[in-house]
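Going by this note's numbering, the letters in the sequence shown line up with residues 302 to 668, in that order. No residue lacks a Cβ here, since even glycine has one placed at the ideal position from N, Cα and C. The structure displayed is predicted, hence computed values, not measured ones. Notes follow the structure.
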Amino acid sequence: MDKQAALHHFKEHHFTPLLESELDKLEAKFHRCQAGLISDFKQSFRDLCAYILSMQQQGLKEPIGYIHYSFLRTQMLEQSYLYMVEAYSAEWYEDDSDCKLTYDASWAYAPMSAMLENLEQQRKIYMGAINSADVERLILESAPFFHSFVDSLVRLAIAESVQSPEYQAIHKAERLLIRTGEYRDISENLYVWDQEPLRADEVFEQLMQSSEEEPYVYENLKSLSLPHLHQFQKDLRYNDFSYSDLRGSQFHTCILLGTRWQQANVEGGSFQGCLLSDTDFRYCHLKGVNFSEASGRVDRENGLRTPGLCGIRFEHANLDEADFTNVHSFEHAYFEGASMQGTRVPRIYQQHWKLSDSQRESIVWTE
């Protein structure tokens, strides 16, 4: 067996099955320990903000425009799973005043150590065709799969984290972005804040001009008045509509992956046929909203665990008289503290959703 054939066989029969097994176990841990992981992240974020403010009070740091969480692939083989957390001014990488701490993500990456040890033993049966460097390369290539768990945790935690007094106290640039990704490489927005809120008429115009081919994504659309907005087949993923007035708004077959709607008012609106994977409706006003035909699709192939890790969050929302007829892949939806008086729900979700006795009694179960 030549090297390429050996590597193919090794990856198919040893590496990939082991990776899938470890990711399955990590996903179970992610859900089981989520509250504690969020609490730890929030504390680390408060520590970062306190450090930023200390530097600013000494005149060593300009108003913050970027906070960046970076995983360091080169340190992983040394079993160091610390994220570099850096705060920059609006100049981003041109800001040369170092302001950095670390975030310990070993809870997500620890399986890589066990995988390395296991695969080092398995490679020996290939009689020298596969060496340690080959194993290390495969391990490092898997880093983004583990990063997706950290990414999802930060998305779940960040809305509460930015309410902390420590974050509120730091001096911010006109726009502040919280991002994550590989160090000095591709990254994406997790949170966007604007000192001067966007104007509702400008946002309306941009939304109307957007399309699936020209998406309008990763924007801060908080605290806007956009009642009776109509959007059809638009790609609006990862936008933040929190605190906005969207009463009666119609979103039809839109891509709303990872969007936030905390404390928004969408009463009497519709998300019919929309993709709602990882959508955050916590504390949202959703009375009478039509969710029929919506999807919470998850990806669980070839090591992928996103979208779907965050689930669809309805905690403490008002879902009275909302309609979940014919929703798909809503197994990972969360309803703690939600009002569900007269909510129409397919009976198949009785066994999937964790509901209180009062919620079960108030729901109208449909076939």
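Residue i to residue j, Cα distance in whole Å?
{"i": "aspartate 621", "j": "valine 590", "result": "9 angstroms"}
{"i": "aspartate 691", "j": "serine 462", "result": "Lying before the first or after the last residue shown, residue 691 is absent from the chain, which here runs from 302 to 668."}
{"i": "leucine 308", "j": "leucine 373", "result": "25 angstroms"}
{"i": "glutamine 358", "j": "tyrosine 427", "result": "60 angstroms"}
{"i": "proline 647", "j": "leucine 605", "result": "28 angstroms"}
{"i": "glutamate 515", "j": "alanine 306", "result": "42 angstroms"}
{"i": "glutamine 344", "j": "leucine 547", "result": "33 angstroms"}
{"i": "alanine 595", "j": "phenylalanine 615", "result": "14 angstroms"}
{"i": "aspartate 579", "j": "lysine 312", "result": "31 angstroms"}
{"i": "proline 318", "j": "leucine 527", "result": "48 angstroms"}
{"i": "tyrosine 404", "j": "glutamate 467", "result": "17 angstroms"}
{"i": "glutamate 321", "j": "leucine 522", "result": "37 angstroms"}
{"i": "alanine 470", "j": "isoleucine 459", "result": "16 angstroms"}
{"i": "serine 550", "j": "aspartate 581", "result": "17 angstroms"}
{"i": "serine 381", "j": "valine 599", "result": "30 angstroms"}
{"i": "glutamate 437", "j": "leucine 338", "result": "28 angstroms"}
{"i": "arginine 456", "j": "glutamate 668", "result": "34 angstroms"}
{"i": "leucine 587", "j": "glycine 360", "result": "46 angstroms"}
{"i": "leucine 454", "j": "methionine 302", "result": "43 angstroms"}
{"i": "histidine 310", "j": "glutamine 423", "result": "12 angstroms"}
{"i": "isoleucine 487", "j": "histidine 448", "result": "13 angstroms"}
{"i": "leucine 324", "j": "alanine 406", "result": "15 angstroms"}
{"i": "alanine 623", "j": "alanine 639", "result": "12 angstroms"}
{"i": "glutamine 496", "j": "alanine 474", "result": "7 angstroms"}
{"i": "phenylalanine 556", "j": "glutamine 534", "result": "The residue asked about is misnamed: residue 556 is isoleucine in this sequence, not phenylalanine. One C-alpha to the other measures close to 7 angstroms."}
Residue i: buried (16+ other C-beta within 10 angstroms of its C-beta) or exposed?
{"i": "cysteine 334", "result": "exposed"}
{"i": "arginine 661", "result": "exposed"}
{"i": "aspartate 452", "result": "buried"}
{"i": "histidine 472", "result": "exposed"}
{"i": "isoleucine 431", "result": "buried"}
{"i": "glycine 570", "result": "buried"}
{"i": "alanine 329", "result": "exposed"}
{"i": "arginine 561", "result": "buried"}
{"i": "histidine 315", "result": "buried"}
{"i": "alanine 565", "result": "buried"}
{"i": "isoleucine 353", "result": "buried"}
{"i": "asparagine 619", "result": "buried"}
{"i": "phenylalanine 631", "result": "buried"}
{"i": "threonine 607", "result": "buried"}
{"i": "isoleucine 440", "result": "buried"}
Bridge partners for residue i per DSSP, in chain order?
{"i": "tryptophan 494", "result": "Leu477"}
{"i": "alanine 415", "result": "BP columns for alanine 415 are empty, so no partner."}
{"i": "tyrosine 427", "result": "None; tyrosine 427 has no bridge partner."}
{"i": "leucine 656", "result": "Paired residue(s): none; leucine 656 is not in a bridge."}
{"i": "serine 390", "result": "Ile365"}
{"i": "proline 647", "result": "Thr667"}
{"i": "asparagine 619", "result": "His586 and Ser640"}
{"i": "proline 634", "result": "For the record, residue 634 in the displayed sequence is alanine; it is not proline. DSSP, once it has assigned bridges, lists Ile613 as partnering alanine 634."}
{"i": "histidine 553", "result": "Phe533"}
Should residue i and residue j be called a contact, given that it needs their Cβ atoms to be closer than 7 angstroms?
{"i": "leucine 678", "j": "isoleucine 365", "result": "The structure shown does not extend to residue 678, since the chain spans only 302 to 668, so no value can be given for it."}
{"i": "aspartate 612", "j": "histidine 629", "result": "The sequence shown places glycine at residue 612, rather than the aspartate named in the question. Result no, Cβ atoms of glycine 612 and histidine 629 do not sit closer than 7 angstroms."}
{"i": "phenylalanine 450", "j": "phenylalanine 342", "result": "no"}
{"i": "tyrosine 584", "j": "histidine 553", "result": "no"}
{"i": "lysine 425", "j": "cysteine 400", "result": "no"}
{"i": "tyrosine 539", "j": "glycine 559", "result": "yes"}
{"i": "serine 682", "j": "methionine 356", "result": "Limits of the chain in this structure are 302 at one end and 668 at the other, which puts residue 682 out of reach."}
{"i": "methionine 347", "j": "serine 465", "result": "The question names methionine, but residue 347 is arginine in the sequence shown. Yes, these two residues count as a Cβ contact at 7 angstroms."}
{"i": "leucine 508", "j": "tyrosine 517", "result": "yes"}
{"i": "leucine 383", "j": "leucine 349", "result": "no"}
{"i": "serine 663", "j": "threonine 626", "result": "no"}
{"i": "leucine 610", "j": "phenylalanine 636", "result": "no"}
Discussion item. Does the region 437-447 come into contact with the region 409-419, if we say contact requires no fewer than three beta-carbon pairs (one atom in each stretch) closer than 8 angstroms?
Written reply: yes
Discussion item. Does the contact criterion of 3 or more C-beta pairs under 8 angstroms hold for the region 570-583 versus the region 419-435?
Written reply: no
Item to complete: Check whether the region 365-381 touches the region 477-495, counting contact only when three or more Cβ pairs, one atom from each stretch, lie closer than 8 angstroms.
Response: yes
Discussion item. With a threshold of 8 angstroms, are at least 3 pairs of Cβ atoms found where one atom belongs to the region 388-396 and the other to the region 492-510?
Written reply: no
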